[in-house]
Amino acid sequence: MPITITRRHLLAGSAAALALPAFARAQGAVKPRLTVISQWSAGSDGAAITALGKKFEEKGGIWQHTPVPGFTTEMMNKLRAQIMAGDPPACSQLKGPEIAAWSKIAPTVDLDALVAAAGYEKVVAPDLARLHKPGGKWISLPLQIYSTNMLFLSKRAMDKAKADKIPVTWADFNGLAEKMKAGGVTYPIANGGTHPDDGQKFEAAFAGISPASYRAAIMNLDEKALKGPEITAAFAQVRKIADWMDPNVGAQHFSTNLKRFVEGEMGMMIQGGWAQGVLRNAGFKFEDFIIAPGPSDNTKPVFLLNADAFIFWRRSEPDLQAGQTLMAQLVMDPAIQTMYSQITGSIPVRTDVDLAGAGWSDGQRRTAAALKDAVANNQALLSLAHNMAQENGMTAAMIDVITEYVKNKTISPEGGVARLSDAVEAAR
Amino acid sequence: MTDAVSAVPRPGRPAISGVVRRLPEYLMIWVPLLLSAGHLVSFALWTIWISFTPSTLVPVSGWVGLRNYTAVLATRNWQVAFKNLLLFGSAFVLLSLVAGLMLAILLDQRIRGENVLRTIFLYPLAVSFVVTGTVWSWLLNPGLGIEKLVRDFGWTSFRFDWLVDRDMAIWTIVVAAVWQSSGFAMALFLAGLRSVDADLVKAAQIDGAGPFRMYLRVILPTLWPITITVVVIQLQFAISTFDLVRALTDGGPGIATQLPALVVYDLMFQRGLLGRGAAAAVLMLMILLAVLLPYAAWRYFERRRARHA
Chain A
1 MPITITRRHL
11 LAGSAAALAL
21 PAFARAQGAV
31 KPRLTVISQW
41 SAGSDGAAIT
51 ALGKKFEEKG
61 GIWQHTPVPG
71 FTTEMMNKLR
81 AQIMAGDPPA
91 CSQLKGPEIA
101 AWSKIAPTVD
111 LDALVAAAGY
121 EKVVAPDLAR
131 LHKPGGKWIS
141 LPLQIYSTNM
151 LFLSKRAMDK
161 AKADKIPVTW
171 ADFNGLAEKM
181 KAGGVTYPIA
191 NGGTHPDDGQ
201 KFEAAFAGIS
211 PASYRAAIMN
221 LDEKALKGPE
231 ITAAFAQVRK
241 IADWMDPNVG
251 AQHFSTNLKR
261 FVEGEMGMMI
271 QGGWAQGVLR
281 NAGFKFEDFI
291 IAPGPSDNTK
301 PVFLLNADAF
311 IFWRRSEPDL
321 QAGQTLMAQL
331 VMDPAIQTMY
341 SQITGSIPVR
351 TDVDLAGAGW
361 SDGQRRTAAA
371 LKDAVANNQA
381 LLSLAHNMAQ
391 ENGMTAAMID
401 VITEYVKNKT
411 ISPEGGVARL
421 SDAVEAAR
Chain B
429 MTDAVSAVPR
439 PGRPAISGVV
449 RRLPEYLMIW
459 VPLLLSAGHL
469 VSFALWTIWI
479 SFTPSTLVPV
489 SGWVGLRNYT
499 AVLATRNWQV
509 AFKNLLLFGS
519 AFVLLSLVAG
529 LMLAILLDQR
539 IRGENVLRTI
549 FLYPLAVSFV
559 VTGTVWSWLL
569 NPGLGIEKLV
579 RDFGWTSFRF
589 DWLVDRDMAI
599 WTIVVAAVWQ
609 SSGFAMALFL
619 AGLRSVDADL
629 VKAAQIDGAG
639 PFRMYLRVIL
649 PTLWPITITV
659 VVIQLQFAIS
669 TFDLVRALTD
679 GGPGIATQLP
689 ALVVYDLMFQ
699 RGLLGRGAAA
709 AVLMLMILLA
719 VLLPYAAWRY
729 FERRRARHA
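These protein sequence lines map, in sequence, to chains A and B. Our numbering puts the first sequence at residues 1 to 428. Our numbering puts the second sequence at residues 429 to 737.
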């Protein structure tokens with residue numbers, strides 16, 4: 001077939017050739033945009049996500065964050081409504097096994113390529129990684145980590161007890177509590193009365209007594225482990241803790257009693273790492289308290305993980321897709337994780353971030369070291385009280401039993417074990 | 429058709445213009461009424477439907493029969509909540525009735541400053557239940573509130589720790605709820621007392637009835653329609669109590685003060701079990717109907733009797 005080039009063809013061809021790069025550029029350089037919903041609106045949480053948004057904008061993106069203040073469940077109600085309307089956000093806060101549950105109701109984004117490119121999997125605790133890739137594919141990314149079983153010691157209460165050693169095992173812990181009581185500390189354990197608070201006492205006791213048994217019973221719901229001697233010992237330890245708590249606390253938040261804790265009227269507090277931020281915000285100094293990993297009977301730190309994360313929902317718009325890519329890269333970036341954790345008081349998800357710098361506290365350094373140790377010894381576990389080990393329905397069924405046990409001293413440890421395994425069976 | 433129109437005689441005109449004239453009134457009443465009734469009924473039906481589906485995080489179709497109901501009825505949470513509702517409902521209604529009536533009778537003695545007192549007693553009703561719950565949670569806290577106050581005055585063995593006592597905690601909710609709503613009962617009773625036929629009172633006075641007999645035999649019997657109204661209003665409030673408990677005890681200590689509305693909220697929005705939550709909500713509706721249907725029937729027979737008389 002002879003090819004005849006007319007002037008008109010030539011003109012059209014050259015115009016197309018000229019236009020092509022511009023077209024390609026327009027395709028590749030669509031301005032990334034991200035719609036995000038989270039519960040973080042105020043305080044250090046609000047400040048941290050605002051800072052993340054600033055970084056997103058610096059990279060040329062459009063940041064559209066809609067905070068839903070209140071409990072996580074209220075954020076979930078908004079997410080549910082948007083998913084049902086067929087308009088999910090490009091990215092939303094979600095954590096723990098809820099990621100797997102929610103990923104079944106709407107399509108998500110496969111992040112495997114991005115995660116592989118960043119070499120991210122090697123630097124994340126294995127149990128944590130598993131939660132964020134239900135079905136074997138990364139669809140969500142953890143953002144920051146807290147430990148739920150940190151031990152806070154009141155300096156003044158330690159002085160009253162004439163003690164200076166940080167308890168390592170539960171026996172040490174019980175000994176110190178006795179000493180504090182004898183030394184005039186009215187309530188050796190500081191506490192709040194909310195359900196997660198009670199849950200934290202239990203999980204700290206159980207994981208500290210036997211990490212392996214905790215993994216089997218609480219994370220894998222193994223029937224034998226749920227009735228084993230270790231869990232009975234954990235309930236017995238919780239009874240001791242409950243006896244040292246102020247019975248008048250009612251349903252108060254733990255932060256209500258921080259003043260009494262610092263002043264030495266209360267001695268020890270088993271709380272999440274976030275309590276450091278709360279103490280500092282309340283105007284107390286680092287000299288007022290000591291932070292250490294929670295008691296562990298095998299003396300190696302046990303780390304109960306609580307991690308905030310983002311899940312990415314599938315969208316067809318190119319600008320939102322570009323935004324998701326940019327967001328994923330940012331969330332995995334060590335510099336971004338450093339910035340975020342320094343604002344909120346958490347520790348980075350990446351185990352390879354150096355916490356020697358001035359922006360970090362001793363508590364954060366100790367927490368990060370504990371996580372590293374715990375991962376090495378397979379003692380990094382998922383928190384029950386903060387919805388990491390089980391879906392919300394199962395968690396709530398278990399926490400109901402635990403909170404009733406803490407408040408009702410007529411239930412024996414064996415009775416607690418029986419009730420817990422019954423509740424698990426009923427909720428399965 | 430034109431024949432029919434033209435056949436309409438003149439007298440039809442005023443009727444039509446009457447309808448047109450009253451159209452705004454009809455619109456005012458019927459549109460909101462139908463909208464809210466439709467809203468209420470459609471959502472109630474939808475909830476009933478969901479309660480028979482396997483819905484968890486989002487509503488899905490499917491049929492599981494009564495499984496959600498049996499599951500809810502078998503949980504300790506629901507059993508505790510139901511028992512608490514019986515206890516709280518009866519104690520609260522009875523006490524607020526008695527307190528309201530006493531206040532109303534005392535205020536009815538033509539005392540000075542009645543308006544001020546009436547406002548004071550009615551004011552708790554203007555306070556949100558969340559505020560009531562929070563304030564009472566501090567007052568009743570043994571370490572900070574009433575118990576500590578009395579002990580600081582010197583009575584060191586004084587104990588008032590219901591809030592943190594599993595068996596007594598439900599009574600703190602009764603106390604706070606009675607405080608909040610006895611003023612409402614008082615207002616209704618006072619209106620009733622003021623509308624008692626003066627001739628009746630005079631006649632009783634002439635017959636030589638003392639004040640005690642007067643109230644017992646003459647005035648109170650005329651109040652019983654109001655009493656029933658108060659009971660029904662308070663009962664439906666008791667059944668749907670949520671915010672007060674949430675702020676005062678949050679269902680604690682442990683799960684000792686759970687109430688059905690708390691269980692519904694917990695199942696639906698915290699555990700992500702829509703089907704079970706809907707089943708619990710339908711159970712609540714049935715409890716409510718058990719109160720409201722007899723009341724409606726009573727109203728119906730009452731009206732029929734009045735018409736026949």
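Every residue, glycine too, gets a C-beta built ideally from N, C-alpha and C. Only a predicted model underlies this, so the values are computations on that prediction, with no experimental measurement involved.
CB contact check: residue i to chain B, cutoff 8 angstroms
{"i": "A205 of chain A", "result": "no"}
{"i": "E414 of chain A", "result": "no"}
{"i": "K450 of chain A", "result": "Only positions 1 to 428 of chain A appear in this structure, which leaves residue 450 of chain A out of reach."}
{"i": "W313 of chain A", "result": "no"}
{"i": "T367 of chain A", "result": "no"}
{"i": "I347 of chain A", "result": "no"}
{"i": "I105 of chain A", "result": "yes"}
{"i": "T351 of chain A", "result": "no"}
Residue i versus the options, residue with shortest Cα-Cα distance
{"i": "D589 of chain B", "options": "B:I656, B:L451, B:L468 and B:I574", "result": "B:I574"}
{"i": "F289 of chain A", "options": "A:P107, A:L94, A:G363 and A:A380", "result": "A:G363"}
{"i": "N149 of chain A", "options": "A:A117, A:L305 and A:Y340", "result": "A:L305"}
{"i": "K95 of chain A", "options": "A:S38, A:P211, A:K240 and A:G184", "result": "A:S38"}
{"i": "V168 of chain A", "options": "A:L151, A:Y146 and A:W360", "result": "A:L151"}
{"i": "Q200 of chain A", "options": "A:D352, A:D373, A:Y146 and A:L258", "result": "A:Y146"}
{"i": "Q608 of chain B", "options": "B:R699, B:T547 and B:A737", "result": "B:T547"}
{"i": "N496 of chain B", "options": "B:D593, B:V486 and B:I478", "result": "B:I478"}
{"i": "L515 of chain B", "options": "B:L663, B:F612 and B:R674", "result": "B:L663"}
{"i": "P142 of chain A", "options": "A:M158, A:E263, A:V30 and A:Y120", "result": "A:Y120"}
{"i": "P301 of chain A", "options": "A:G272, A:A370 and A:Q337", "result": "A:A370"}
{"i": "A106 of chain A", "options": "A:E425, A:K372, A:L52 and A:W313", "result": "A:W313"}
{"i": "D400 of chain A", "options": "A:L420, A:G272 and A:P413", "result": "A:L420"}
{"i": "D159 of chain A", "options": "A:A177, A:G43, A:A309 and A:T194", "result": "A:A177"}
CA-to-CA distance, residue j to residue i, given in whole angstroms
{"i": "S140 of chain A", "j": "D671 of chain B", "result": "35 angstroms"}
{"i": "A307 of chain A", "j": "V660 of chain B", "result": "49 angstroms"}
{"i": "G561 of chain B", "j": "E74 of chain A", "result": "22 angstroms"}
{"i": "V238 of chain A", "j": "E203 of chain A", "result": "9 angstroms"}
{"i": "W474 of chain B", "j": "A380 of chain A", "result": "44 angstroms"}
{"i": "L153 of chain A", "j": "S255 of chain A", "result": "15 angstroms"}
{"i": "N543 of chain B", "j": "V526 of chain B", "result": "21 angstroms"}
{"i": "S316 of chain A", "j": "P681 of chain B", "result": "49 angstroms"}
{"i": "I444 of chain B", "j": "P460 of chain B", "result": "23 angstroms"}
{"i": "G620 of chain B", "j": "L522 of chain B", "result": "18 angstroms"}
{"i": "G416 of chain A", "j": "T232 of chain A", "result": "8 angstroms"}
{"i": "L738 of chain B", "j": "H467 of chain B", "result": "Nothing can be reported for residue 738 of chain B: it is not among the residues displayed for chain B, which extend from 429 to 737."}
{"i": "T484 of chain B", "j": "F697 of chain B", "result": "10 angstroms"}
{"i": "A706 of chain B", "j": "M712 of chain B", "result": "10 angstroms"}
{"i": "I601 of chain B", "j": "G517 of chain B", "result": "10 angstroms"}
{"i": "G357 of chain A", "j": "R365 of chain A", "result": "10 angstroms"}
{"i": "I533 of chain B", "j": "F520 of chain B", "result": "20 angstroms"}
Interface flag, residue i vs chain A, CB-CB below 8 angstroms
{"i": "R645 of chain B", "result": "no"}
{"i": "D671 of chain B", "result": "no"}
{"i": "Q698 of chain B", "result": "yes"}
{"i": "G466 of chain B", "result": "no"}
{"i": "P452 of chain B", "result": "no"}
{"i": "G703 of chain B", "result": "no"}
{"i": "P681 of chain B", "result": "yes"}
Closer than 7 angstroms: residue i CB and nearest the ligand ATP heavy atom
{"i": "D362 of chain A", "result": "Among the components modelled here there is no ligand, and therefore nothing to report on the ligand ATP."}
Those runs of the alpha helix (DSSP H) which lie wholly inside the stretch 319-370 of chain A and span at least 4 residues = Within the stretch 319-370 of chain A, the complete alpha helix (DSSP H) segments of 4 residues or longer fall at 334-344, listed in chain order.
Residues within the stretch 75-99 of chain A neighbouring chain B, beta-carbon criterion of under 9 angstroms = Those residues of the stretch 75-99 of chain A that come within reach of chain B (Cβ to Cβ, closer than 9 angstroms) are M76, N77, R80, I83, M84 and E98.
Looking at chain B, which residues of the stretch 229-251 of chain A have a Cβ within less than 9 angstroms of any of its Cβ atoms?
-> Listed by position along the chain: D246, P247, N248, V249, G250 and A251.
In chain order, which alpha helix (DSSP H) runs of at least 4 residues are fully inside the stretch 474-540 of chain B?
-> Counting whole runs of 4 or more residues, the stretch 474-540 of chain B contains the alpha helix (DSSP H) stretches 495-502 and 504-535.
Please name the residues in the stretch 562-580 of chain B whose beta-carbon is closer than 7 angstroms to at least one beta-carbon of chain A, in chain order.
-> Cβ contacts with chain A: S565, N569, P570 and G571.
Residues in the stretch 621-651 of chain B having any Cβ partner in chain A nearer than 9 angstroms | Listed by position along the chain: nothing, the set is empty.
Mind pulling the alpha helix (DSSP H) runs of 4 or more residues that sit fully within the stretch 118-181 of chain A?
-> Listed in chain order, they are 126-132 and 155-160.
Pull out every residue of the stretch 177-199 of chain A whose Cβ sits closer than 9 angstroms to any Cβ of chain B, in chain order.
-> Within the stretch 177-199 of chain A, the qualifying residues are G193, T194, H195 and D198.
Could you name each continuous alpha helix (DSSP H) segment of 4 residues or more that falls completely within the stretch 197-222 of chain A, going from the start of the chain to the end?
-> Fully enclosed alpha helix (DSSP H) runs of 4 or longer: 211-214.
Mind checking the stretch 498-513 of chain B against chain A and listing, in chain order, the residues whose C-beta falls within less than 8 angstroms of any C-beta there?
-> The residues in question are A499, A502, T503, R504 and N505.
Would you list, in chain order, the members of the stretch 380-393 of chain A that have their beta-carbon closer than 8 angstroms to a beta-carbon of chain B?
-> From the stretch 380-393 of chain A, only E391, N392 and G393 have a Cβ closer than 8 angstroms to chain B.
Chain A contacts made by the stretch 472-501 of chain B, where a contact means CB separation under 7 angstroms = Of all residues in the stretch 472-501 of chain B, the ones placed with a Cβ closer than 7 angstroms to any Cβ belonging to chain A are L485 and V486, in chain order.
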